[in-house]
Every structure is written in C-alpha cells, then in structure tokens.
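J.: To convert, note that position 126 of the sequence shown is 122 in the working numbering; the numbers rise steadily by one, no gaps. Dumping the structure here so I can ask a few things about it.
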Amino acid sequence: MLRLEPRPQPSKLMSLLSPVLALVLTAILAGILFAALGKDPVRGLSMYFVEPFSNQRQISELLLKATPLITIALGLAVCYRSNVWNIGAEGQFVLGVLSGGGVALWLTTQGIVLPQIVAVPLVLLGGVLGGMAWAGLTALLRDKFNASEILVSLMLVYVAQQLVNYLVFGPWKDPMGFNFPQTKSFDASTWLPVLLPGTRLHIGFVIALVLVALTWVFMFRQFRGYQLQVGGLAPAAARYAGFSASSSLWTALLISGGLAGLAGGMEAIGTFKQITPHVSTGLGFTAIIVCFVGRLHPVGIAFAGLLLSTMIIGGELGQSRLGLPNALSGVFQGLLLVLLLACDTLINYRIRVRSAIAHAH
C-alpha cells in the first residue's frame, strides 16, 4: 500500500518552481483535451497562452481582467496567512459593486456632477465599506458564535447575488430602460479615468500595483502583519505572546473584504458603468486560485493574476475562433489548482510503498 512520509527538508527551489511545473502539466493536459475535442492542440494552446498578447487591445483587456483578480487575491492572502479561510470574496466583491455603484447611481439620479477627482474616490470608498461590512458579518458570526467562516462567507455569496437581483428588478431599475433589469448608466464624472486611450484599461490597474507594494509592506515590514502571520502559523505561540485571536480575525477579514469591495467598486465604474444582474462573474472564486498560484505572496499574486487573466481571455478567444466550450477555461483553472496542490504535496512528502504483510504487523 502507498503512504505519504514527510520529507526531512523540503526543497526551497522546488517550492518556488512548483507553480511553473503545475502550469506546464496543465498545458500538456490541455493539449490532450484539445486533441480529444478534435481541435489542433498547438492552435488551441496558442489561443490560450499566446493570442492574448498579440496586440495592444488584447493586452489591455488582459490587464483589465487582472486588476480585480490581483486586488481580491491580495486580501485573501492576508486572510489565509492568518489562518482565516475566507471563501466568500465573490460576495464581498458583489457588495462592493452594489455599494460603490450605489453611490455613483445616487449622484447620477440626483443630477450631482462632482469633479472626477472627488466622485471617483467617493465611489471607491463606498465599495470598500460595502465589502468590509459583508466580511464583517462573517467575522461577527465566527467571533461571537464560533460559526465556520468557510460556510458563512460562502453562503453570503448567494445572499449578495439575490440582493443584486432585488435591487435591479425593483427599486434601482431604470424606468427608461425598456423593462430590462438594470440601473441607469452612471454619469461620466463617476467613471474611472482611462489609462490607455482607445482601450477600456483604466487606472484601477495602477491602483492594483500600488496595493501589491502596500500589502508586501504590511505583511513583511509591519508588526501588525507579523502578528497575523504568527497567529496563522502558530496559534498557541500567538496566545502566549498575548496576540488577540479575535483582533486578528477581524483585521484579516476586514482587509480582505475591503479589498474585494474595492475591486467591486472599480469594476462598477470602470467596466460595467451600471449595475445588472450579471455583476457576479466568478472573479472572487478565481482569485482563490490566483492566491495559491502566487504562493500567498503579493509579488507572486501579481504574476498569477496576469496568468489567470491570460487563461480567461484565451478562453474567450477559443470560444469565438475555435468553437471551444466556454467552460473549458474554468476546467483549466481547476486543473492548475489541483496540479499545484499535487506538486506541493510531493515537495513536502515522499511516497512510500509498504507491503500489506508489513502493514499487518
């Protein structure tokens, strides 16, 4: 029989190369899958990993997709390093869209035209507060009633989606929208400024890169970040040192929810420019994969966000140009995560074969 035996000294080099190995294995399996679907594997892989970089427009779309992924994953990394398992970033993202978009909608319906330099931060602040409030519900139930943050945060995703449906089919529905379930388009004064003229890429990408640097400083150069990580790695040591588990829980979840809400606010006024029932796009769940592919490190997350957005854009191109199923992109993302976990397991453990007789003795 097979059993896993811990390695005395796991390879640090292999730990760093693990995401690369997982990506190579994913590409090999993707090629096999393309062949099974009757498509040219080389053309299919090119569509997923080369075409997204083929021109300025494609690159701008790739960076646009990466912006919310990186922003959400940074907050999740803070949570996971603190041993707080927030699985509901999608719900916090949706609340960011609702609360940030709600501010933009209120300014629009009231006819209030503020300078962009005032309106945009107001909307983004609304997004941050909405995401924090939604994550705060999870923190409250975990702190006061010891409810599982995994289940609570995940279930709140569906509550958030129903809240969107209620608002866009009801109170926030555009009376001039031909009965479509959507809000009015936001006034241009609330939109995020475009970074690259002629594209949809906005300054949210610059904000995401700034957040990468700030998160690195917080996690590795600030005492509060050190406290959170000690609490995650060694709860008993953290208690002995006098670090509050409750404070760490609230800090991690509020940071994570705030960043997910910020991503939602940026999507609301940078990409959607109105609220529809389809604001939940699965970015919060994809960001979990980004987080682990990036090794829970801010710089790694930036690169992982670009990789996963490449796969998303490649999936859209494969669907339109090769007639590939839309779900294939999700399959590849799942494969990447599973293979990464498998590689990590084999880096930390070796497989031992034991005979049934020896096991019986």
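Cβ atoms here follow ideal geometry from the backbone N, Cα and C, with glycine treated the same way.
Between F281 and A62, is the Cβ-Cβ spacing less than 9 Å?
T.: In the sequence shown, residue 281 corresponds to position 285, counting from 1. In the sequence shown, residue 62 corresponds to position 66, counting from 1. In this structure, A62 does not lie closer than 9 Å to F281 by Cβ.
J.: Under 9 Å between the Cβ atoms of A156 and L91?
T.: As a position in the sequence shown, residue 156 is number 160, starting the count at 1. As a position in the sequence shown, residue 91 is number 95, starting the count at 1. For A156 and L91, yes; Cβs fall inside 9 Å.
J.: At the level of alpha carbons, what is the spacing between G169 and S276?
T.: As a working mapping, residue 169 is identified with position 173 in the sequence shown. As a working mapping, residue 276 is identified with position 280 in the sequence shown. Before going on, a small fix: residue 169 reads as Lys here, not Gly. Going from the Cα of K169 to the Cα of S276 covers about 17 Å.
J.: Using a threshold of 8 Å, is the CB atom of H274 nearer than that to any non-hydrogen atom of the ligand ZN?
T.: No copy of the ligand ZN appears in this structure; indeed no ligand is present at all.
J.: What's the call for V148, buried or exposed, on a 16-neighbour Cβ count within 10 Å?
T.: As a working mapping, residue 148 is identified with position 152 in the sequence shown. It counts as buried.
J.: Quick one: what does DSSP say L159 is sitting in, helix, strand or coil?
T.: Your numbering for residue 159 matches position 163 in the sequence shown. It is helical.
J.: Does the distance from the C-beta atom of R346 to that of S11 stay below 9 Å?
T.: In the sequence shown, counting from the first residue as 1, residue 346 sits at position 350. In the sequence shown, counting from the first residue as 1, residue 11 sits at position 15. In this structure, R346 keeps its C-beta atom at 9 Å or more from the C-beta atom of S11.
J.: Within the segment 195 to 225, note down every full alpha helix (DSSP H) run reaching 4 residues or more, in order along the chain.
T.: Entirely contained in the segment 195 to 225, the alpha helix (DSSP H) runs reaching 4 residues are, in chain order, 200 to 217.
J.: Please go through the segment 8 to 71 and give each complete alpha helix (DSSP H) segment of 4 or more residues, from N-terminal end onward.
T.: 8 to 32 and 37 to 45
J.: Is A26 near L9, with beta carbons less than 9 Å apart?
T.: Indexing the sequence shown from 1 puts residue 26 at position 30. Indexing the sequence shown from 1 puts residue 9 at position 13. No.
J.: Tell me whether the segment 195 to 204 and the segment 259 to 271 touch, counting them as touching only if at least three CB pairs, one residue from each stretch, are closer than 8 Å.
T.: yes
J.: Less than 9 Å separating the beta-carbons of A283 and L65?
T.: In the sequence shown, residue 283 corresponds to position 287, counting from 1. In the sequence shown, residue 65 corresponds to position 69, counting from 1. Yes, Cβ-Cβ distance for A283 and L65 is below 9 Å.
J.: Report all residues from its chain with a CB closer than 7 Å to the CB of I251; omit the five preceding and five following residues, and keep chain order.
T.: The residue labelled residue 251 in the question sits at position 255 within the sequence shown. G71 and V74.
J.: Helix or strand or just coil, what does DSSP make of R77?
T.: The residue you call residue 77 lines up with position 81 of the sequence shown. In the three-state DSSP reduction, R77 falls in the helix class (H, G or I).
J.: Under 8 Å: do the segment 329 to 348 and the segment 287 to 306 share three or more Cβ pairs, one atom per stretch?
T.: yes
J.: If you draw a straight line from the alpha carbon of P193 to that of G326, how long is it in whole angstroms?
T.: Taking the sequence shown and counting its residues from 1, one reaches residue 193 at position 197. Taking the sequence shown and counting its residues from 1, one reaches residue 326 at position 330. Between P193 and G326, the C-alpha separation is close to 31 Å.
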